[in-house]
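A short worksheet on the structure shown next.
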Amino acid sequence: MKKYSLVGLFVVILVTILVATYFYFLDIVYENKTVAEEVKTFSALKTAVEQPVAVYAEGDVLRTKNDQYEAMIQELDMNAEVKIDKRKLIIQGGIHDTYSYLLLKRLLDVVKNDDVELVSSCIGQGCTGDEFGFSIVIHPYVLKLPN
Numbered sequence: 406m407k408k409y410s411l412v413g414l415f416v417v418i419l420v421t422i423l424v425a426t427y428f429y430f431l432d433i434v435y436e437n438k439t440v441a442e443e444v445k446t447f448s449a450l451k452t453a454v455e456q457p458v459a460v461y462a463e464g465d466v467l468r469t470k471n472d473q474y475e476a477m478i479q480e481l482d483m484n485a486e487v488k489i490d491k492r493k494l495i496i497q498g499g500i501h502d503t504y505s506y507l508l509l510k511r512l513l514d515v516v517k518n519d520d521v522e523l524v525s526s527c528i529g530q531g532c533t534g535d536e537f538g539f540s541i542v543i544h545p546y547v548l549k550l551p552n
């Protein structure tokens, strides 16, 4: 009886590990992931008493965000670069192994919690010049309190 319960426990643990691994790698393989539908807070912030509460960042604020993301990428030791394109920031880089994918997930979590509108996020082949890379396009904004 004890032998069967140990075998049953082992089978349950093995099935749990297999299911968790399946969903983990399903998340990695999923290409052309757009997070813009997930993060739609900017349009909700724009209408308070018919005055804009948030406006897109320009100039110094954009350069400050650029420097912050560059410092974060250097701290994470990622193979990526940040570029300013008019009123957008574009973060592009390559994914070479599981560790760089985990760093990318951490970077995305930080970006989603920052004062930005996440326009698009592309993960997979065809996103950059690398074989397997990522591209994140964001619009930083600043909160403007109505008078």
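Numbering (this note's numbering), first residue to last: 406 to 552. We treat Cβ as the ideally placed atom computed from N, Cα and C, and that holds for glycine.
query                                                                                                                                                                   : result
Restricting to Cα atoms, I'd like to know which of 504, 548, 498, 522 is closest to residue 537.                                                                        : 498
Run through the segment 495 to 527 for me and flag every whole alpha helix (DSSP H) of 4 or more residues, listed as ranges in chain order.                             : 503 to 518
Among residues of its own chain, excluding the 5 on either side of residue 508, which ones have a beta-carbon nearer than 6 Å to its beta-carbon?                       : 481, 483
By the three-class DSSP mapping on this structure, what secondary structure does residue 442 have?                                                                      : Bear in mind that a pLDDT of 47 at residue 442, under 50, signals an unreliable position, so the model cannot answer this.
Helix, strand or coil, according to DSSP, for residue 493 in the structure here?                                                                                        : strand
Could you have a look at residue 464 and say whether DSSP puts it in helix, strand or coil?                                                                             : helix
So, for residue 463: in the same chain, excluding its five sequence neighbours on each side, which residues have a beta-carbon less than 7 Å away from its beta-carbon? : 492
Can you give me the C-alpha to C-alpha distance between residue 496 and residue 504, rounded to a whole angstrom?                                                       : 18 Å
Got a sec? Which residues, its chain only, sit under 6 Å from residue 461 by beta carbon, not counting five neighbours each side?                                       : 492, 544, 546
Grouping DSSP H, G and I as helix and E and B as strand, with all else coil, what is residue 549?                                                                       : coil
Cα separation between residue 521 and residue 487?                                                                                                                      : 15 Å
By Cβ distance, which residues of its chain are closer than 8 Å to residue 440, with the 5 residues on each side in sequence left out?                                  : Because the pLDDT of residue 440 is 47, which lies under 50, any placement of that residue in the model is unreliable, and the question is left without a value.
So what does residue 487 bridge to, in DSSP terms?                                                                                                                      : 496
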